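Trainee:
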Amino acid sequence: MTNSSATDRPGQQKTSSLTGVGLLVGLACSSSLAYFWPNFASLWTAAAQETDGSATNAWDPFHVSPNFLWLLVATTMLCLGMVLQRSELSELRERPGSVFLGLLAQCGCMPILAWLVVHLAGFTGELAAGIILVGCVPGAMASNVLTMAARGNVSFSVSLTVVATMLSPVTVPVALLVFGGIAAENGGFDLAKAASTAKFLGVAIVLPVVAGFAARECLPQIKPYAARIAPGLACIALLWIIASVVADNRQRLAQISGYLLLALLLINLAGYVSGYCIGRLARMSPAMLRALSLEVGMQNAGVGTALAATLYGAGTPAQIPTAAYTFGCMLTGTLLASFWAARPIVDDSAIVDAKT
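Read left to right, the sequence shown gives residues 3 to 358 (the working numbering).
#1: Can you check which of these residues, A249, E93, A293, is closest to N41 by C-alpha distance?
#2: Closest to I280 by CA distance: which of I269, N270, R292 is it?
#3: Going by the beta-carbon positions, is the gap between V75 and I243 smaller than 8 Å?
#4: Return yes when the Cβ of T334 is within less than 8 Å of the Cβ of T307, no when it is not.
#5: Take G83 as the anchor and find which of C220, R95, V66, T199 has the nearest alpha-carbon.
#6: Please state the DSSP three-state secondary structure of N146.
#7: Within 10 angstroms of the Cβ of S89, are there 16 or more other Cβ atoms? Answer buried if so, exposed if not.
#8: Looking at C-beta atoms only, is the number of pairs between the stretch 98-106 and the stretch 267-274 that lie closer than 8 Å three or more?
#9: Looking only at C-alpha atoms, which of T167, F125, L162 sits nearest to M79?
#10: Between the alpha carbons of T318 and N302, how many angstroms are there, rounded?
#11: With C-beta atoms as the reference, is L283 less than 8 Å away from G104?
#12: For C138 and L94, what's the separation of their Cα atoms in angstroms?
#13: Taking the alpha carbon of V208 as the point to measure from, which residue in L193, L45, C81, T336 has its own alpha carbon closest?
#14: Taking Cβ to Cβ, would you say Y327 is nearer than 8 Å to V136?
#15: Starting from the N-terminal side, write out each stretch of the alpha helix (DSSP H) that is 4 residues or longer and does not extend beyond the stretch 287-322.
#16: What whole-angstrom Cβ distance do A152 and A343 have, given they're in contact under 8 Å?
#17: So what does G141 bridge to, in DSSP terms?
#18: Which word fits W72, buried or exposed, when buried means at least 16 other C-beta atoms lie within 10 angstroms of its C-beta?
#19: Whose C-beta lies closer than 6 Å to the C-beta of A186 among residues of the same chain, with five residues either side of it excluded?
#20: Confirm, please, whether the CB-CB distance from G273 to L115 is below 8 Å.
#21: Which first and last residues belong to the alpha helix (DSSP H) in which P175 is found?
#22: Going straight from the alpha carbon of L313 to that of K195, what length do you get?
#23: Indicate whether T163 and L296 have their beta-carbon atoms separated by less than 8 Å.
#24: Please specify which runs of the alpha helix (DSSP H), each continuous and at least 4 residues long, are wholly inside the stretch 236-277, giving them in chain order.
#25: So does S67 have its beta carbon nearer than 7 Å to some heavy atom of the ligand SAH?
#26: In three-state DSSP terms, what is V119?
#27: Taking only three categories from DSSP, how would you classify A344?
#28: Can you find the residues in the same chain that come closer than 7 Å, C-beta to C-beta, to G132, ignoring five residues on each side of it along the sequence?
#29: Taking the alpha carbon of L29 as the point to measure from, which residue in L264, P346, Q253, A236 has its own alpha carbon closest?
#30: Sort L106, M290, A123 by Cα distance to G260 and report the nearest one.
#31: Which residue's Cα is closest to the Cα of T336: V247, N146, T199?
#32: Just the Cα atoms here: how many angstroms apart are A232 and L338?
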C-alpha cells in the first residue's frame with residue numbers, strides 16, 4: 003500500500019509551499035486593492051473631469067451580490083472536482099475509519115471551539131454569528147496544498163476535504179442549529195434558515211464538485227487543460243470573494259479590534275492542536291497526523307462568507323470573521339507547513355495507521 007505523502011516528492015513539496023505563500027500574498031494584494039479602490043476611483047473621476055469636463059460614476063468591481071458570491075463559490079468547487087483524481091480518494095477505500103474519525107474531529111471540534119470563544123469572549127449579534135460560521139463550514143481546499151508542503155498524507159487530506167464538502171448540506175445546517183442561536187436579534191438560526199443553507203450548499207458546493215469530477219472522468223481530453231487552468235481559476239474566485247467582503251465593510255474594517263483577531267487565532271490554533279491530538283490518540287502515522295491537523299484547523303471561509311451574506315444580507319458584519327479567518331489560517335497554515343517541511347518523517351511505520 004502506498005502512503006500518498008509528500009515525502010518522496012521534494013519538487014512538488016517546494017511547489018506547494020510556494021503556492022501557499024503565493025495565495026497568501028494574493029489575498030493581501032487583492033484585499034488591499036479592494037480597500038483602497040474608492041481612492042483610485044476618485045483619482046480617475048477627477049482626471050476625467052479635468053480632461054473633458056464630464057463626471058463618471060465610480061465603478062467598483064468588488065461590490066457584488068450574494069448570488070454572484072455563490073457563483074464564485076461554485077466556481078471553486080467546480081475546479082476542485084476537475085482536478086480531483088481517483089487515486090487521491092484511496093483513503094476512502096483503504097482507511098474508511100480514519101476518514102470518518104477525521105470528519106468527526108472537524109465537524110465536532112471546530113463548532114465547539116467557535117462556540118466556546120464566542121461565549122467566553124462575550125461576542126454578540128452578527129459578529130458572533132460570523133465566528134460560529136467559521137467553525138461550522140467544511141475544510142479549506144488550501145489544506146491539501148499545505149499538506150503536501152508539510153510532507154503529510156495528501157490522499158488522506160483530499161479524502162477528508164471531499165467528504166466534508168459533500169456532506170456539508172447536512173453537517174453545516176445541523177451544526178448551525180446546535181451552535182448558531184447566538185444572534186438573537188436576527189432570529190437566531192431556525193429550521194427555515196437550516197433548509198435554506200442546505201439548499202444553497204447542495205447547489206453551490208456538491209453539484210459543482212460532482213459535475214467537475216464527472217467531466218474529468220467522461221472527457222479525458224480536458225484533463226491537461228483542467229490541471230493547468232482550474233487551480234488558478236479557483237484562486238481568483240477565492241480572492242474575489244474575500245475582496246468583496248473588504249469592499250462591503252471598508253468602514254467596519256478600519257475599526258476592527260485586536261480582540262476579534264485574537265479570538266479567531268485561538269480557534270485556528272486550537273483546531274490544529276485538536277486535530278493532532280485526536281490523531282495521536284487514534285495512533286495515526288506521522289504523515290496522517292500532519293494532514294489531520296491542517297485539515298481541522300483550516301476552514302473554507304469562502305463558503306462561510308457567501309453563507310453569511312445569504313443569511314444576514316450583503317455587507318453584514320458576520321462576513322468579517324470569515325474573511326479575517328481566511329488570512330489567519332493561510333498564514334498559520336503556511337508557517338506550520340514550513341515548520342514540518344524542514345522536519346522529514348524518518349520512520350513513518352513507527353506508529354500503526356488507524357484502519358477499519
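Even for Gly, the Cβ is constructed at its ideal location relative to N, Cα and C. Values in this document were obtained by computation on a predicted structure and should not be read as measured data.
Mentor: Short version:
#1: For the purposes of this step, residue 41 is identified with residue 39 of the sequence shown, where counting begins at 1. If we check each option's Cα against that of N41, A249 comes out closest.
#2: Counting from one through the sequence shown, the residue named residue 280 turns up at place 278. For the residues I269, N270, R292, the minimum Cα distance to I280 belongs to R292.
#3: Working through the sequence shown from its first residue, we reach residue 75 at position 73. Working through the sequence shown from its first residue, we reach residue 243 at position 241. The answer is yes: Cβ separation under 8 Å.
#4: The count along the sequence shown starts at 1 and reaches residue 307 at position 305. The count along the sequence shown starts at 1 and reaches residue 334 at position 332. No.
#5: Start at 1 with the first residue of the sequence shown, and residue 83 comes out as number 81. Selected option, being the one with the closest Cα: C220.
#6: Here residue 146 is taken as the residue at index 144 of the sequence shown, counted from 1. N146: helix per DSSP, three-state reduction.
#7: Counting from 1 along the sequence shown, the entry for residue 89 is found at position 87. It counts as exposed.
#8: no
#9: Taking the sequence shown and counting its residues from 1, the one referred to as residue 79 is at position 77. Ranking T167, F125, L162 by Cα distance to M79 puts T167 first.
#10: In the sequence shown, residue 318 corresponds to position 316, counting from 1. In the sequence shown, residue 302 corresponds to position 300, counting from 1. Cα to Cα, T318 sits roughly 18 Å from N302.
#11: For the purposes of this step, residue 283 is taken as residue 281 along the sequence shown, with counting starting at 1. For the purposes of this step, residue 104 is taken as residue 102 along the sequence shown, with counting starting at 1. Their beta carbons are not under 8 Å apart, which means L283 does not touch G104 by this criterion.
#12: Taking the first residue of the sequence shown as position 1, residue 138 is located at position 136. Taking the first residue of the sequence shown as position 1, residue 94 is located at position 92. C138 and L94: Cα-Cα distance of roughly 23 Å.
#13: By one-based count along the sequence shown, residue 208 stands at place 206. That would be C81, whose Cα lies nearest to the Cα of V208.
#14: The residue you call residue 327 lines up with position 325 of the sequence shown. The residue you call residue 136 lines up with position 134 of the sequence shown. Going by C-beta atoms, Y327 is nearer than 8 Å to V136.
#15: 288-299, 303-314
#16: Here residue 152 refers to the residue found at position 150 of the sequence shown. Here residue 343 refers to the residue found at position 341 of the sequence shown. Indeed, because the Cβ distance is near 6 Å, the residues count as touching under 8 Å.
#17: By 1-based counting over the sequence shown, the position of residue 141 is 139. Answer is Q301, bridged to G141.
#18: As a working mapping, residue 72 is identified with position 70 in the sequence shown. Buried is the call here.
#19: Walking along the sequence shown from the start, residue 186 turns up at place 184. Low per-residue confidence applies at A186: pLDDT is 45, beneath 50, and the placement is therefore not dependable, though the value from the model is reported in the following sentence. Within the same chain, A186 has no close Cβ partners at all.
#20: Taking the sequence shown and counting its residues from 1, one reaches residue 115 at position 113. Taking the sequence shown and counting its residues from 1, one reaches residue 273 at position 271. Yes, they are a contact pair.
#21: Position 173 of the sequence shown holds residue 175. First-last of the alpha helix (DSSP H) with P175: 170-181.
#22: Your numbering for residue 313 matches position 311 in the sequence shown. Your numbering for residue 195 matches position 193 in the sequence shown. Their backbone Cα atoms lie some 7 Å apart in a straight line.
#23: Position 161 of the sequence shown, counting from 1, holds the residue named residue 163. Position 294 of the sequence shown, counting from 1, holds the residue named residue 296. Cβ distance not < 8 Å, so T163 and L296 don't count as in contact.
#24: 252-255
#25: No copy of the ligand SAH appears in this structure; indeed no ligand is present at all.
#26: Within the sequence shown, the letter at position 117 stands for residue 119. If DSSP states are grouped into helix, strand and coil, V119 belongs with the helices.
#27: Against the sequence shown, residue 344 aligns to sequence position 342. Three-state DSSP puts A344 in coil, outside helix and strand.
#28: Walking along the sequence shown from the start, residue 132 turns up at place 130. The answer, listed in chain order, is A310, P319, A320, Q321, I322, P323, T324.
#29: Against the sequence shown, residue 29 aligns to sequence position 27. Comparing Cα positions, the closest option is A236.
#30: Numbered from 1 along the sequence shown, position 258 holds the residue referred to as residue 260. Measuring from the Cα of G260, the nearest candidate turns out to be A123.
#31: Here residue 336 refers to the residue found at position 334 of the sequence shown. Among V247, N146, T199, the Cα nearest to that of T336 belongs to N146.
#32: Along the sequence shown, read from residue 1 onward, the residue named residue 232 stands at position 230. Along the sequence shown, read from residue 1 onward, the residue named residue 338 stands at position 336. Taking the straight line from one Cα to the other gives about 26 Å.
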